[in-house]
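Input: a single structure, listed below in structure tokens.
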Amino acid sequence: MNEHRTGDPAVPGSQWYDADAGPLVRPYAMTGGRTKPGPSNVRFDLIALVVVDDDPPGPAEESLLGPEHRSLLALCRAETQSVAELSADADLPVGVVRVLLGDLLESGFVRVSRPVPPAQLPDERILREVIDGLRAL
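Under the numbering used here, the first residue of the sequence shown carries the number 41, and numbering increases by one thereafter.
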């Protein structure tokens, strides 16, 4: 017998959860069917760090955001997190998190610091010379 179980009706919000299938709100519904973050198509690396902007829009604008946007903002307020960490902590696919972060970035709620490209990092030989020089002091 194929029994379809849903969340406990006594718990608010549980009607959106199926014990066997997981959340009933599909990722495309959270992003409005979008797969790319915003009109600028900004790309978020998994290790890019996301912080709440120093001067974000007020509570009135934040109240217009969806629950997933507000959840990401709450996680960012608690501490600076990478895109991968936000995805794990919010229990959302990385693609969805990237789209939602694009919305938050364009609205001025968050700032994103991108990782330093490996080509711009100092050469290992130079770092070893600096360490050797410091040891010689």
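C-beta atoms are modelled at their ideal positions from N, C-alpha and C, and glycine is treated no differently.
Q121 has V90 as its beta-bridge partners, per DSSP. Of the candidates L105, F149, I166, D143, F149 places its Cα closest to the Cα of D93. In the assembly as shown, D163 is an exposed residue. Its beta-carbon has fewer than 16 other beta-carbons within 10 Å. In this structure, P157 lies away from I87, with their beta-carbon atoms at least 9 Å apart. In the displayed model, R168 falls within a helix according to three-state DSSP. Secondary structure at R151: strand, using DSSP grouped into helix, strand and coil. Annotated three-state conformation of G135 is helix, per DSSP.
In chain order, V91, D93 place their CB closer than 7 Å to the CB of R151, counting only its own chain and leaving out the 5 sequence neighbours on each side.
E169 is classed as exposed because its beta carbon has fewer than 16 other beta carbons within 10 Å across all chains shown. P157 carries a coil assignment under DSSP once its states are collapsed to helix, strand and coil.
Each residue's CA atom was taken as its position, placing P97 and L161 some 35 Å apart. The Cβ-Cβ distance between L126 and L112 falls below 9 Å. Burial is judged here by how many other beta carbons sit within 10 angstroms of a residue's own beta carbon; G173 has fewer than 16 and is exposed.
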